[in-house]
Amino acid sequence: MALPVSSKVFIGLFVGGAVFYLVSTSSGEGVLDYIFVDKVVDNPAMYSGRMIKVHGTVVPGTVKQKKGEAGDYTFDIEREGRRMPVHFTSMVPDTFAEGGEVILTGELQGGRFESEEMAAKCPSKYEERPSADPSKNGR
Numbered sequence: 001m002a003l004p005v006s007s008k009v010f011i012g013l014f015v016g017g018a019v020f021y022l023v024s025t026s027s028g029e030g031v032l033d034y035i036f037v038d039k040v041v042d043n044p045a046m047y048s049g050r051m052i053k054v055h056g057t058v059v060p061g062t063v064k065q066k067k068g069e070a071g072d073y074t075f076d077i078e079r080e081g082r083r084m085p086v087h088f089t090s091m092v093p094d095t096f097a098e099g100g101e102v103i104l105t106g107e108l109q110g111g112r113f114e115s116e117e118m119a120a121k122c123p124s125k126y127e128e129r130p131s132a133d134p135s136k137n138g139r
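Just so we're aligned, residue 1 is where the sequence shown starts under UniProt numbering, counting upward by one.
Here you go:
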């Protein structure tokens, strides 16, 4: 049994209105820009005060933890020779290490990245190991 044209139009307008309402009232949260640290350093005004995800490598020798404070760290991250200071206010993941890659979620404030959320990977854990098969070792 086919619906009359007026019913199809009504259903179409209802669905279209519902979609418009959901899109127009969305806060936009949940969608964050993912940027490498060198791009942020090159254009800080574009990213300042916005919630973003920044990817970089922890600079060896820069990690410091505030005495007596669990989860209060400062360190630098870099990529392509450009550095940015970070203030991280939570517990670091087990895979956090100097020289390792991190992805931080937070805001650039006054030239320093303020973050409470981090994903880190240990470089040695993901390095390719030599194969037992000689044909795969470039021989």
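Idealized CB from N, CA, C, for every residue including glycine.
Could you tell me which of S6, H55, R82 sits nearest to E107, measuring between CA atoms?
For the purposes of this step, residue 107 is identified with residue 107 of the sequence shown, where counting begins at 1. Per the Cα distances, H55.
Is F20 helix, strand or coil when you go by DSSP?
Here residue 20 corresponds to residue number 20 of the sequence shown, with the count starting at 1. If DSSP states are grouped into helix, strand and coil, F20 belongs with the helices.
Per DSSP, G56 is paired with what?
Mapped onto the sequence shown, residue 56 falls at position 56. Beta-bridge pairing links G56 to V102.
Three or more C-beta pairs under 8 Å: does that hold for the region 40 to 51 against the region 88 to 95?
no
Going by DSSP, what residue range makes up the beta strand (DSSP E) through A120?
Numbered from its first residue, the sequence shown carries residue 120 at position 120. Per DSSP, A120 belongs to the beta strand (DSSP E) from 112 to 121.
Is it true that the region 101 to 120 meets the region 51 to 68, where meeting means three or more beta-carbon pairs spaced less than 8 Å apart?
With the cut-off at 8 Å, the region 101 to 120 and the region 51 to 68 touch.
Could you check how far apart the C-beta atoms of A120 and G99 are, in whole angstroms? I think they sit under 8 Å.
Position 120 of the sequence shown, counted from the start, is the residue given in the question as residue 120. Position 99 of the sequence shown, counted from the start, is the residue given in the question as residue 99. Not a contact, Cβ separation roughly 11 Å.
Measuring straight from C-alpha to C-alpha, what distance separates E117 and V40?
Residue mapping note: residue 117 aligns to position 117 of the sequence shown, counting from 1. Residue mapping note: residue 40 aligns to position 40 of the sequence shown, counting from 1. Looking at the two C-alpha atoms, the distance is approximately 18 Å.
For the beta strand (DSSP E) holding V63, just list the boundary residues, first then last.
For this step, residue 63 is matched to residue 63 along the sequence shown. Counting along the chain, V63 falls outside any beta strand (DSSP E), and DSSP gives it neither H nor E.
Measure the Cβ-Cβ separation of D72 and T62 and say whether it is below 8 Å.
Locating residue 72 in the sequence shown gives position 72, where the first residue counts as 1. Locating residue 62 in the sequence shown gives position 62, where the first residue counts as 1. No, Cβ-Cβ distance for D72 and T62 is not below 8 Å.
Pick from V23, F10, F36, P4 that is closest to G80, judged by C-alpha positions:
For the purposes of this step, residue 80 is identified with residue 80 of the sequence shown, where counting begins at 1. First, the residue type needs correcting, since residue 80 is Glu and not Gly in the sequence shown. Of all alpha-carbon atoms in V23, F10, F36, P4, the one lying nearest the alpha-carbon of E80 is that of F36.
By Cβ distance, which residues of its chain are closer than 6 Å to E114, with the 5 residues on each side in sequence left out?
Reading the sequence shown from its first residue, position 114 is the one you call residue 114. Around E114: H87, G106, E107.
Using three-state DSSP, classify D76 as helix, strand or coil.
For the purposes of this step, residue 76 is taken as the residue at position 76 of the sequence shown. Here D76 sits in strand by DSSP.
Identify the residues that DSSP records as bridge partners of V86: which are they?
For the purposes of this step, residue 86 is identified with residue 86 of the sequence shown, where counting begins at 1. Partner(s): F75, F113.
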